[in-house]
Amino acid sequence: MLWAVLILSLLQNSVLSSIVNSQEALSFQPIASLPVANASKSFWIDTPGANLLGNEGSIGPLTEDADVCIIGAGMTGISATYHLAKAIEKLGLEGSSLEVKAVVLEAREFCSGATGRNGGHLTPYSFFNYREYEEKYGTIEALKSLQIENRTAMAMVSIIQEHQLADVVDLVAGGHLMLISSEEEYASLKEEYLAASRAGLNVGDVEWLPEEDVDRIYGASYSAVKFPAFNFWPLKFVTQLYLLANSSTPHFSLSLHTHTPVTSVTPLSSSRIWSVNTPRGSVKCSHVLHATNGYASHLLPQFGGPSGIIPTRGQIVVMRAATPVNDSWKASWGGLDHYWFPRPVNGSISDHGTEDGKENPVVILGGGRHIGGPAFEQYETDDSVVNTALGEELRAFLPETFPHMFNKGEDAEMEWTGIMGYTSMADPFVGPIVEHLQSGATSGIFTGQYIAAGYSGHGMPRAFSCAEAIANMIIAAIQNKSWSTPEWLPKRYLTKNRSQEKN
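Once you know that position 151 of the sequence shown is 151 in full-length UniProt numbering, the rest is easy, because the numbers rise by one and skip nothing.
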């Protein structure tokens with residue numbers, strides 16, 4: 001979420017390094033709370049008409065029995081429903097019959113966690129971090145680390161195009177421009193690029209822009225690198241995924257209950273092996289997916305602390321440009337410890353300002369997490385509040401970077417926070433729940449429970465594919481078949497393989 005593109009930022013490196021020593025440096029409660037009830041208002045969620053499923057299933061009887069219970073109605077949870085439906089549909093076409101009943105439980109409104117509170121970017125990292133990946137994990141895993149991001153983004157875009165949803169979800173295929181702060185950073189990025197290219201990664205679409213071109217075309221006095229990427233309305237995409245999953249095949253039954261927080265998951269001695277417990281009652285099921293990202297340790301205490309998933313608060317503002325923007329500016333942006341993009345002025349829901357400024361877009365801006373101090377707002381699960389100092393820094397950033405396009409002193413039109421989930425490896429946990437995170441050891445007491453969470457501020461180009469892996473694990477388990485790791489999934493993502501060693 002917030003958070004889709006912390007491209008090689010100082011923030012991410014600092015947050016990840018601080019996680020290692022955070023127990024010694026900070027006084028904190030390592031177990032996450034449930035999401036707070038009174039979250040700050042997000043542009044994506046609280047724009048009138050945006051959240052069509054906002055309160056779905058929040059009243060009336062609770063689904064009491066299901067094959068699969070998914071906790072969390074964000075990108076991961078709803079992607080899992082889509083992949084389950086598609087897998088069952090495929091089995092039907094192949095002559096096999098499989099009936100599956102699934103239920104999604106969400107603590108607040110539909111898609112009100114990280115996915116509904118992020119920066120709106122869908123940005124595969126291209127070649128970024130390649131050398132670090134190669135040094136730690138070897139060439140094959142390094143390539144997979146970046147290829148999965150492109151695979152994910154293109155799969156999502158393919159769904160949007162197949163179902164003619166580009167206007168519905170405000171998809172913009174403008175690429176991503178990363179501003180480069182110094183000659184040293186430029187040289188380092190060029191080395192990353194060359195190393196990735198030598199290893200066989202497709203980087204043919206990468207474009208390097210000198211400072212004079214960036215200043216002339218875009219109005220900022222920095223050099224830059226541009227590579228393929230997208231921006232969109234994440235909640236609307238997830239809404240459409242849910243609707244597609246719910247209509248894909250009659251052999252897949254799907255229900256959704258918002259405002260239904262899960263308080264515990266306890267074992268049963270019956271044909272259904274888990275009871276997923278909420279204030280509204282319990283759901284008996286055979287398979288449970290924890291798609292809760294930064295909140296994962298609330299139900300899974302072993303995921304608390306630096307070796308697990310660290311809830312980390314990020315912040316976004318909406319700023320109004322002082323002038324219209326030309327087509328070349330309609331990309332997603334990053335660098336300088338920030339990330340931003342202009343909303344299309346003819347988007348699916350009008351976000352125009354006054355009549356005089358109706359062609360001046362709003363810009364969704366996040367980053368600046370160094371203002372959060374040495375703790376970087378780790379172990380924070382309260383997204384009802386904002387950091388005042390950070391808000392001031394965000395308001396000042398665009399006028400300082402693009403002085404001819406933004407007025408100094410302008411206030412934000414909206415401001416909100418959201419909770420990310422960071423891990424010490426910056427990679428998600430994907431797979432069956434284990435008791436011991438670092439070794440992957442388990443006694444089997446969590447059989448039937450799975451997790452896909454901990455995207456470290458970079459979930460949009462990874463969550464959809466990680467959910468696909470989990471959905472296929474569940475389908476294999478239902479059929480009493482073995483599951484094999486797909487070639488595209490980095491092996492270290494798997495809960496049984498969490499280590500920093502080369503595979």
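Note that beta-carbon positions come from the ideal geometry of N, C-alpha and C, so glycine has one too. Note that this is a predicted model, so its numbers are computed, not measured.
Of the residues assessed, Asn407 falls on the exposed side of the cut-off, its CB having fewer than 16 other CB atoms within 10 angstroms. DSSP places Lys226 within a strand segment (E or B) once states are collapsed to three. In the DSSP assignment, Phe252 falls within the beta strand (DSSP E) that extends over Phe252 to His257. A direct Cα-Cα distance of roughly 44 Å separates Thr388 from Asn472.
For Glu162, the uninterrupted alpha helix (DSSP H) run begins and ends at Thr139 to Glu162, by DSSP. In this structure, the alpha-carbon of Gly219 lies about 17 Å from that of Leu365. Here DSSP, grouped into helix, strand and coil, assigns Arg216 to helix.
Ser221 is classed as exposed because its beta carbon has fewer than 16 other beta carbons within 10 Å across all chains shown.
In the three-state reduction of the DSSP assignment, Trp483 falls in the coil class. If you compare the alpha carbons of Glu134, Leu209 and Gln164 with that of Arg198, the shortest gap goes to Glu134. Boundaries of the alpha helix (DSSP H) harbouring Pro399: Thr388 to Thr401, taken from the DSSP string. Contact between the region 458-470 and the region 315-333 is absent: fewer than 3 CB-CB pairs across the two stretches fall below 8 Å.
DSSP places Arg198 in the uninterrupted alpha helix (DSSP H) bounded by Glu183 to Arg198. Taken in chain order, the complete alpha helix (DSSP H) segments of 4 residues or longer contained in the region 58-113 are 75-93. One thing to note: Ile217 has its Cβ no nearer than 8 Å to the Cβ of Ser297.
Between the region 236-246 and the region 159-173, the count of Cβ pairs shorter than 8 Å is three or higher; the stretches touch.
Judged by DSSP in its simplified three-state form, Tyr450 adopts strand. With a contact defined as Cβ atoms closer than 8 Å, Asp427 and Tyr339 miss out at about 20 Å. Of Trp488, Ile475 and Thr495, the smallest CA-CA separation from Leu437 is found for Thr495. Assignment of Leu365 by DSSP, reduced to helix, strand and coil, places it in the strand class.
Judged by DSSP secondary structure, Phe429 falls within the beta strand (DSSP E) whose first and last residues are Phe429 to Pro432.
Of all alpha-carbon atoms in Phe402, Tyr422, Phe341 and Glu392, the one lying nearest the alpha-carbon of Ala375 is that of Tyr422.
Note: Ile419 is bridge-paired with Arg313 in the DSSP secondary-structure output. If you check the CB distance, Tyr242 and Leu53 come in under 8 Å.
Distance from the Cα of Ser255 is smallest, within the candidate group Gly60, Gly175, Gly138 and Pro486, for Gly60. Under a 10 Å Cβ-count criterion, Gly409 is classified as exposed, with fewer than 16 other Cβ atoms of the shown protein chains found around its own Cβ. A distance of 8 Å or more separates the beta carbons of Gly116 and Thr258. Relative to the Cα of Val385, the nearest Cα in the group Leu34, Lys41 and Ala32 belongs to Lys41. Apart from the 5 residues on each side of it in sequence, Cys69 sits with its Cβ closer than 6 Å to the Cβ of Val103, Val276, Val283, Cys285 and Val288 in its chain, given in chain order. Residue range Glu207 to Leu209 is occupied by the beta strand (DSSP E) that includes Glu207. One alpha carbon belongs to Ile159, the other to Phe232, and they sit about 13 Å apart. Assigned with DSSP and collapsed to three states, Val238 falls in helix.
If you check the CB distance, Met420 and Thr312 come in under 8 Å. His370 is bridged by DSSP to nothing; it lacks a bridge partner. Taking the Cβ atoms as the reference, Gly119 lies roughly 20 Å from Ile309, outside the contact range of under 8 Å. Bridge partners of Phe232 according to DSSP: none are assigned.
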